[in-house]
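Going by this note's numbering, the first residue of the sequence shown is number 187, and it counts up by one from there. Ideal Cβ positions, reconstructed from N, Cα and C, are used throughout, including at glycine. What follows is a set of notes on a single structure, which appears directly below.
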Amino acid sequence: MKESEKRYRRLIEASHDLLVTVNLQGNIIDTNEAAVKFTGVDRETLTGSDFFVYFTEPDLVREVFEEVLAHESVTNVPFTLLHTNGTHTDVLFDGYVYKDDLGTSLGAVIVAREIAEKKWATELGLANKELAFQHHEKEKRANELSIANEELAFQNHEKEKRAQELSVANEELAFQNDEKEKRAQELSVANQELAFQNDEKEKRAQELSVANKELAFQNNEKEKRAQELSIANIELAFQNDEKEKRAAELVIANKELAFQNDEKVKRAAELRIANYARGLIEASRDPLVTISPEGKITDMNQATVKITGMSREQLLDSDFFTYFTEPQMAREVYQEVFAKGAVADSPLTLRHKDGKLTDVLFNGSVYKNDQGEVLGVVIVARDVTDQKRIATELNEAKIAAELATELAEEAQAKAESATQIAEDAVKAKQQFLSNMSHEIRTPMNAIIGFTKVVLKTEITEKQREYLTAIKLSGDALIVLINDILDLAKVDAGKMTFEQIPFKLSASIFAMVHLFETKIQERNLELVMEYDPKIPEVLVGDPVRLHQIILNLVSNAVKFTTEGKITVGVRMLVQDAEKVILEFSVTDTGIGIAAAKLGSIFDDFQQATSGTSRLYGGTGLGLAIVKNLVEPQGGTISVKSKLGEGSTFSFILSFNKTLEKVDSDLGLDIELETGFKDVKILVVEDIALNQLLMKTLLEDFGFAMDVADNGKIALEMLKDTSYDIILMDLQMPEMNGFEATSYIRNELKLQVPIIALTADVTTVDVEKCKAVGMNDYISKPIDDKLLYSKIIRFLKDAGYDKKAAVQKIEDLQTKPLTCVNFDYLKRITKNDTRMAEMIRLYLQEIPALVQTMKKAMAEKDWGTLKHATHSIIPTFATMGINPEFEDIAKAIQALAANQLSTEDGQGTSEETMAMLYTLFSKIETVCALAAEELEGKLVALSATITG
Ligand code: ADP
């Protein structure tokens, strides 16, 4: 290697930049230490390797390389070198072609410089540019500042000018103000002067007017004086005249005087008589007055003075009639006196000057002089104030009495019409309730009835749940409707109670059971306290009892949110016939305020006004409960404390019985056999009800026909016979009452008729019976009840022929076990009493049997029934087989049945035959018993006497 070459090599190796020589194919021919450093690849590997692979973007580098070859060089292309340890180095890439001596390209020399230095250079450039820019800006600001300074100087100059102008303007203003004030002062002085002058003017005007008045007055006075003067002159002339006249009169008077003296002597004699009369007149209590023909008073007595309150002087010569309240009438009366000569007892009223009135009877007659000339009238006015007062009072009393009578009559008329209205309203209310009940209950019954029917079919559990809910809601609604109707029935005094045997405990438990879910839902405890000593079967009205307890328990549940509800039944007293029970429902609920305890049993009363909003209800429940308890002879009471709870308890008595209860109120009916060919006619207009009845009766295994109304039923009955008729009451065309009466009276059929009714307010059992119905059953139809009633009628009316005949046949095969002496001994306890009993039996029974026989022969059904009735209990007493009791009962039923037809005329051969068959059994057993008893009596007599 030459020395110069060595120097180049050292330089190349010392370079911090990557230096590489690359041939035309891109392979590295030569490289330096920096290349090894940047790539992490040793020289041997680098040499001959593809140059481009040492960059992150080899393809781009290859393109630039091609560019170098094409254009001889490129500079400052940014690329990134890739080190084998993964680090990157940003570089600026310069490339130059190198050629051989002939100028042929051999490849390129590449220099890659780390980019940090370049950045710095760029920053420097940028900093220089910024500096230059800032410098430029500064110069601009300096220019702007100098312009601004000039502007400021100009403005200052302007300001000074304005200030000077302002000061001049101010001076001018001050001057003008001064002037204004001066003018104002001058004006005020001028005004004062003017006011003063006006005052003066007015004063002068006033003075002038006063002067004028004075002048006018003086003129007036002058005229007056002139007039007075003239009058005075006339007067003077007149007085002179008068003086002359007086003189003339004086002469005459003297003459007169002489004459009067003569007269005086005459008068003195007359006066004596007159004085006596005068005394009488003055003493009179009645006003006495004499009146001249002109009507002027000429004389009067003291009574007149007193009654008028006027002095004699005033009265004298005054018009008498002015002292009456009705002067015109008074005048007429005394004119009458003049005309007729006298007037008697004319009623008038005198008035005292103070206003006091005196009723008088005016009597008057004329008086005449010796020549018969009328001189005047003498009047006596009798004071009748007291009489008049009494008369008036009497009259008033009479009027008042008449008025009172009138008022009383009016009031009576009103009361009668009010009563009528009230009665009409009550009737209308009952009618309305009756109609509504029909309208509401018909569809309701269908809903409940069909729900029951569907419940009996095969359905899923869910469906059962829903249907049960429908049924419960329907039941609740019916209960509500019944409540309202019950109340109406109570109002109308039509509430009736049944007396049937029922199982009390089963009834109570079943009902309380209804509330179990509700009680559980509310987390309440239910406690039953049932006295075990209570007999199982009692006689009473179980439906009403249900209703009472239902109301009380549902209230207890409703008004209780925590704690327990206790339903208790306790036996208070019992004797041979009856028990007295106390039922109680106790809760731990909200309680009732003491003040309200008295009224909660009234209709529509709730303990607080908010009760209905919070708990619902109508306030009817307790009113009904009370009306169900009290008519049965019971009492109901309540004890309660607000916030602690309430106890409702009622006491009822029930008769005891040995009878068995027909059936429990289970859901399934046990159908009896032997009633296969039963045919029933249903008379019912509503299709829903028809369908319901059809479903029920088919379930019972009965055949049925339907008639849409009474009329159709009658047609059907002419051709077909039925075992039972179920008869709706309210139907179009012909109702149930009419139809029944026709069946009994025209068709003369005895078929049992059971009324079906939804209308409990008008269901009058009496009315049903009166037209000849045998029983009634109310809707919603209880299927069990319907079945048991049908069966009972079939049996009672002897329709159970097959069963009866079967029974007799059975009896005939059995040996007759007649009197049961063990039993007889047990109940009589000792021989003496037993003997007594037997004797009684022997005395009565054979006679009764004879009576029965005779009655049957005579078809005297009343006697037969009665005798059979008497014989029935003796079978039990003697311990005779109870089958005979049943036979006797059958005879009794047949007799009763015949009795209800027309006097046995229609008794069929068949019935008679059956009666005799049954009777012969009774006759036989009674004869046998008598025989056995006679034997026993003999034996007993021996032991007793022995
Ligand atoms: P209703 O419950 O339909 O309102 P009721 O006649 O059954 O009507 O009851 C009348 C009122 O007596 C109720 O509204 C309630 O205020 C009160 N009451 C009845 N029972 C109870 C009870 N067990 N606890 C508290 N309050 C009761």
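Taking just the CA atoms, how far does residue 361 sit from residue 370?
-> 15 Å
Rounded C-beta distance between residue 546 and residue 570? I'm assuming under 8 Å.
-> 6 Å
Per DSSP, cross-strand counterpart(s) of residue 837 = 768 and 821
Go through its chain and collect everything with a Cβ distance to residue 839's Cβ below 6 Å, but skip five positions before and after it.
-> 764 and 766
CA-to-CA distance, residue 622 to residue 812, given in whole angstroms | 24 Å
At which residues does the beta strand (DSSP E) containing residue 760 begin and terminate?
-> 750-760
Please list, in chain order, all residues of the same chain as residue 1054 whose beta carbon is under 7 Å from its beta carbon, the five residues on each side excluded.
-> 1038, 1074, 1077, 1078 and 1081
Return yes when the Cβ of residue 775 is within less than 8 Å of the Cβ of residue 745, no when it is not.
-> yes
With 16 other CB atoms within 10 Å as the buried threshold, where does residue 479 fall?
-> exposed
Residues that DSSP places opposite residue 280 in a beta bridge | 297
How long is the line joining the alpha carbons of residue 286 and residue 217, rounded to whole angstroms?
-> 19 Å
Please classify residue 658: is it buried, with 16 or more other beta-carbons within 10 angstroms of its beta-carbon, or exposed?
-> exposed
Residues near residue 641 by beta carbon distance below 6 Å, same chain, minus five either side = 653
From residue 579 to residue 599, what distance separates their C-alpha atoms?
-> 30 Å
Looking at C-alpha atoms only, which residue of 737, 758, 730 and 710 is the closest neighbour of residue 718?
-> 758
Cβ-based neighbour list, residue 993, same chain, cut-off 6 Å, excluding 5 preceding and 5 following = With a pLDDT of 48 at residue 993, under the threshold of 50, the modelled position of this residue cannot be trusted; read the value that follows with caution. Correct list: empty, nothing qualifies.
Ranges of the alpha helix (DSSP H) found wholly within the stretch 674-744, counting only runs of at least 4 = 690-699, 702-707 and 728-744
Check whether the Cβ of residue 863 lies closer than 7 Å to any heavy atom of the ligand ADP, and answer yes or no.
-> no
In the structure shown, what three-state DSSP assignment does residue 1122 receive?
-> helix
Please find out if some non-hydrogen atom of the ligand ADP comes closer than 7 Å to the beta-carbon of residue 587.
-> no
Taking residue 961 as part of the beta strand (DSSP E), name the residues at either end of that continuous run.
-> 961-964
Determine the direct distance from the alpha carbon of residue 294 to that of residue 279, and round the result to whole angstroms.
-> 12 Å
Determine the closest residue to residue 846 out of 808, 465, 724 and 806, with distance taken between C-alpha atoms.
-> 724
Return yes when the C-beta of residue 807 is under 7 Å from any heavy atom of the ligand ADP, and no when it is not.
-> yes
Work out the CA separation of residue 495 and residue 425 for me, nearest whole Å.
-> 41 Å
Under the rule that 16 or more other beta-carbon atoms within 10 Å means buried, what is residue 870, buried or exposed?
-> buried
Taking all protein chains shown into account, decide if residue 695 is buried (16 or more other Cβ within 10 angstroms of its Cβ) or exposed.
-> exposed
Would you call the CB atoms of residue 1083 and residue 875 closer than 8 Å?
-> no
Would you identify the three-state DSSP class for residue 1015, choosing helix, strand or coil?
-> coil
How far does the alpha helix (DSSP H) with residue 509 in it reach, from first residue to last?
-> Counting along the chain, residue 509 falls outside any alpha helix (DSSP H), and DSSP gives it neither H nor E.
Just list the alpha helix (DSSP H) runs in the stretch 499-550, keeping only unbroken ones of 4 residues or longer that don't cross its boundaries, in chain order.
-> 513-526
Quick one: is residue 841 buried, meaning 16 or more other Cβ sit within 10 Å of its Cβ, or exposed?
-> exposed
Tell me which same chain residues have a C-beta within less than 8 Å of the C-beta of residue 1031, skipping the five on either side of it?
-> 1057, 1060, 1112, 1115 and 1116
Residue 899 beta carbon less than 8 Å from that of residue 864 = no
Measure how close the beta-carbons of residue 212 and residue 265 come, nearest whole angstrom, since I'm counting them as under 8 Å.
-> Wrong, their Cβ atoms sit about 14 Å apart, outside the cutoff.
Three-state secondary structure (DSSP) at residue 438?
-> helix
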